[in-house]
Structure formats: structure tokens, C-alpha cells
Amino acid sequence: MGGRGITLYAKKIVVTRLRDQKDAEEVLEKLRNLINRVWEQRDKIKPSYKTRAKITVLEIYKYLPKTNCGACGVPTCLAFALKIIGEEASIQDCKTLLEPEHKSDREKLLALLAEAGYVCEDQGAEDREAP
């Protein structure tokens with residue numbers, strides 16, 4: 770859900786990276802719909818007992834542009850890698866990584882994250898519609 774960290778507790782839900790009240794309401798509505806769909810299909814779902822692969826900040830950093838431009842909202846690419854590990858940021862937040870010249874690194878990073886169980890969408894500059 771947009772690179773947000775979501776934690777479900779018995780009596781509360783914690784969501785990171787919300788912009789405002791409207792954003793919170795939209796995310797909770799999507800989450801409610803997802804939970805209801807899962808509940809309706811519970812008899813068809815097989816649980817996965819695979820352990821999430823461990824990845825390190827440096828493994829993520831290896832594929833980042835290393836410009837330390839801060840456009841993602843954090844001062845350095847290393848700090849950005851830490852945010853990705855904590856699911857507080859999405860690779861979509863790094864505009865430089867989305868440019869065509871970084872496509873190979875972006876694809877490798879997406880594969881690494883997918884292998885570790887992170888949910889990511891790739892929308893590089895070549896995939897985005899022009900305004």
C-alpha cells in the first residue's frame with residue numbers, strides 16, 4: 770500500500786507514512802477491503818511457512834544512485850536504504866533511481882526486495898505517463 774509500514778494489533782492498526790487524515794481514511798478503507806477479501810477466500814488460501822530472506826542496508830545501498838541528493842526526504846542514500854529495510858520508504862521515493870539510466874540497478878533492487886518478501890511496484894521514468 771504505497772510503501773507504508775502496516776502493523777495489525779488486536780485492538781489497533783499502526784500505519785506509517787500517512788500524509789493527512791484523508792490519506793489515513795483511504796488506507797484504512799483499502800486495508801478493510803483486503804481483510805474482507807482474504808476472509809471470504811480463507812478456505813482457498815494455503816499459508817506460506819517460508820522465512821523471509823534477510824537483507825542488509827548495505828545490500829540495498831549497493832543498488833542506489835549514491836547521490837545523497839535528499840529528494841527522497843532523507844539526507845543520504847544510506848539513510849534511505851535503512852528506511853526501505855524498515856518499510857518506511859519505497860524505492861518509488863528515489864526519483865533518481867526511477868530514471869532510465871538506473872533501470873538495471875532498479876530491477877536488481879526490486880528482485881532483491883521481492884526475494885526478501887517486500888512488496889514493491891516498479892514504475893520507472895520510462896513507465897510513467899507524461900503530464
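Counting from 1 along the sequence shown, just add 769 to a position and that's the residue number in my numbering.
Idealized CB from N, CA, C, for every residue including glycine.
Next item on the list: State the Cα-Cα distance for the pair Lys-835 and Arg-811, rounded to the nearest angstrom.
Entry: Approximately 44 Å, taken between the alpha carbons.
Check: Which same chain residues, not among the five before or five after Ile-853, have their C-beta less than 7 Å away from its C-beta?
Finding: Ile-829, Ile-860
Checklist line | Whole-angstrom distance between Val-826 and Leu-851, CA atom to CA atom | finding: Leu-851 and Val-826: Cα-Cα distance of roughly 6 Å.
Check: Between Ser-817 and Val-807, what straight-line distance do the alpha-carbon atoms span, to the nearest angstrom?
Finding: Distance between the alpha carbons of Ser-817 and Val-807 is about 14 Å.
Next item on the list: Leaving aside the five residues before and after Val-783 along the sequence, list all residues of the same chain whose C-beta is less than 6 Å from its C-beta, in chain order.
Entry: Thr-776
Check: Thinking C-beta only, is Leu-879 closer than 9 Å to Cys-889?
Finding: Contact: yes.
Check: Between which two residues does the alpha helix (DSSP H) harbouring Leu-867 extend?
Finding: Run containing Leu-867: none; DSSP gives neither H nor E here.
Next item on the list: Can you say whether Leu-833 is buried or exposed, counting buried as having 16 or more other CB atoms within 10 angstroms of its CB?
Entry: Buried, by the Cβ-count rule.
Note to self: Less than 8 Å between C-beta atoms, sequence neighbours within five positions excluded: which residues of the same chain meet that for Ala-883?
What the structure shows: Correct list, in chain order: Cys-889.
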